[in-house]
Amino acid sequence: GENVEQHPSTLSVQEGDSAVIKCTYSDSASNYFPWYKQELGKGPQLIIDIRSNVGEKKDQRIAVTLNKTAKHFSLHITETQPEDSAVYFCAASMIYQLIWGAGTKLIIKP
Amino acid sequence: NAGVTQTPKFRILKIGQSMTLQCTQDMNHNYMYWYRQDPGMGLKLIYYSVGAGITDKGEVPNGYNVSRSTTEDFPLRLELAAPSQTSVYFCASSPQPPQGQYFGPGTRLTVL
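Sequence order for the protein chains is A and B.
Taking our numbering, I'd label the letters of the first sequence as residues 1 to 110.
Taking our numbering, I'd label the letters of the second sequence as residues 1001 to 1112.
Next up, the structure:
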């Protein structure tokens, strides 16, 4: 079955710098890759997604890239701000389900 | 459009008690999911449903039951609560996969 690995587990960056979170997946049949942001005490919120027929997608300060050959995808956050502090999860589609990464805690240092 | 709503927000149960966690969505999504999230950990799928009357087990179904009599509602039943079921429970819904899932605010359950 599908397996998703996410790195790093914790990422600390200076405010204004960029942050990159990486995920790898195992099943080449996966064709949809969403990213979620979870703030303390809240449910995960979909922030950006990408499908397997696209290599990159941007939405303001966030972008996602996908390398199907290498089976990895990444989340890029530029010009980080204090409100970007949260736990970020990647996922990969498998039939009716999403297979989740373990999460990355992003800390923005003032 | 309220999205996905969950009740209650918090609950404390004694060992052996039972309860039902409620989940309702108003987006007319056929697909619904229940997850649990232990402190500092990721999401584990308990059960999911692909439409009214159809449910299937996820990764960690033991100790739980679900039903799906309508498109909107997907309750999760805990029978004989155990301390290992202390967790935050999230309900989610989705349009036809593969698409993103939309999460409720969660129910924080403590079993003592």
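Built from N, CA and C at the ideal position, the CB exists for glycine as well.
Given this structure, state the Cα-to-Cα distance separating B:Ala1030 from A:Ser93, to the nearest angstrom.
Indexing the second sequence from 1 puts residue 1030 of chain B at position 30. Indexing the first sequence from 1 puts residue 93 of chain A at position 93. Per the sequence presented here, residue 1030 of chain B reads as Asn, with Ala not at that position. The alpha-carbon atoms of B:Asn1030 and A:Ser93 are separated by roughly 17 Å.
Check whether the Cβ atoms of B:Tyr1089 and A:Leu46 sit closer than 8 Å, and answer yes or no.
Here the question's residue 1089 of chain B lines up with position 89 in the second sequence. Here the question's residue 46 of chain A lines up with position 46 in the first sequence. Not in contact: B:Tyr1089 and A:Leu46 (Cβ atoms no closer than 8 Å).
Just verifying my parser: in three-state terms, what is the DSSP assignment at A:Ser18?
As a working note, residue 18 of chain A is residue 18 in the first sequence. The answer is coil: DSSP assigns A:Ser18 none of H, G, I, E or B.
Who are the near neighbours of B:Thr1007 in its chain, counting only those whose CB is closer than 6 Å to its CB and skipping five residues on each side?
Position 7 of the second sequence, counted from the first residue, corresponds to residue 1007 of chain B. Answer for B:Thr1007: Gln1022, listed in chain order.
Would you mind working out which of A:Arg51, A:Gly55, A:Ala63, A:Ser28 sits nearest A:Ser18, comparing C-alpha positions?
Position 18 of the first sequence, counted from the first residue, corresponds to residue 18 of chain A. Minimum Cα distance to A:Ser18 is reached at A:Ala63.
If we ignore side chains and look at the alpha-carbon of each, how far apart do B:Tyr1064 and B:Gly1040 end up?
As a working mapping, residue 1064 of chain B is identified with position 64 in the second sequence. As a working mapping, residue 1040 of chain B is identified with position 40 in the second sequence. About 22 Å.
What residue range does the beta strand (DSSP E) around A:Lys109 cover?
Within the first sequence, residue 109 of chain A is the residue found at index 109, counting from 1. From DSSP, the beta strand (DSSP E) with A:Lys109 extends over 104 to 109.
Could you tell me the boundaries of the beta strand (DSSP E) in which B:Gly1051 lies?
As a first step, residue 1051 of chain B is located in the second sequence; it is residue number 51 there, counting from the start. That run of the beta strand (DSSP E) goes 1044 to 1051.
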